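Numbering (this note's numbering), first residue to last: 42 to 113. Encoded as structure tokens, the structure appears first; notes follow it.
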């Protein structure tokens, strides 16, 4: 099985558009839209979502009031 990954840290670069275009010409494929903020590959393709899970990650910022200068 061959794998193609389309990645970029910047939004709006055309990752989803390129992926949808490739999906039209590649037979027998599995597509994964791993964008945690705006996964929308199914809007541009005839893909059917087989599973969807809620994803949360990250750490909360802690303010050290002894060092905070209230700069903003």
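Even for Gly, the Cβ is constructed at its ideal location relative to N, Cα and C. Keep in mind that this is a model prediction, so the values were computed, not measured.
Looking only at its own chain, which residues have a Cβ that is under 8 Å from the Cβ of residue i, when we skip the five neighbours before and after it?
| i | result |
| --- | --- |
| residue 81 | 57, 74 |
| residue 48 | 56 |
| residue 88 | 64, 72, 82 |
Roughly how far, in whole angstroms, is the beta-carbon of residue i from the beta-carbon of residue j, given that I think they are within contact range, below 8 Å?
| i | j | result |
| --- | --- | --- |
| residue 72 | residue 60 | 7 Å |
| residue 83 | residue 90 | 6 Å |
Please return the same chain residues whose Cβ sits closer than 7 Å to the Cβ of residue i, not counting the five positions on each side in sequence.
| i | result |
| --- | --- |
| residue 77 | 96 |
Leaving aside the five residues before and after residue i along the sequence, list all residues of the same chain whose C-beta is less than 6 Å from its C-beta, in chain order.
| i | result |
| --- | --- |
| residue 86 | 61, 64 |
- Query: Residue ranges of each alpha helix (DSSP H) run of no fewer than 4 residues wholly in the segment 61 to 100, ordered along the chain?
  - Reply: 82 to 85
- Task: Decide if the segment 89 to 98 is in contact with the segment 59 to 66; the criterion is three or more beta carbon pairs, one per stretch, under 8 Å apart.
- Result: no
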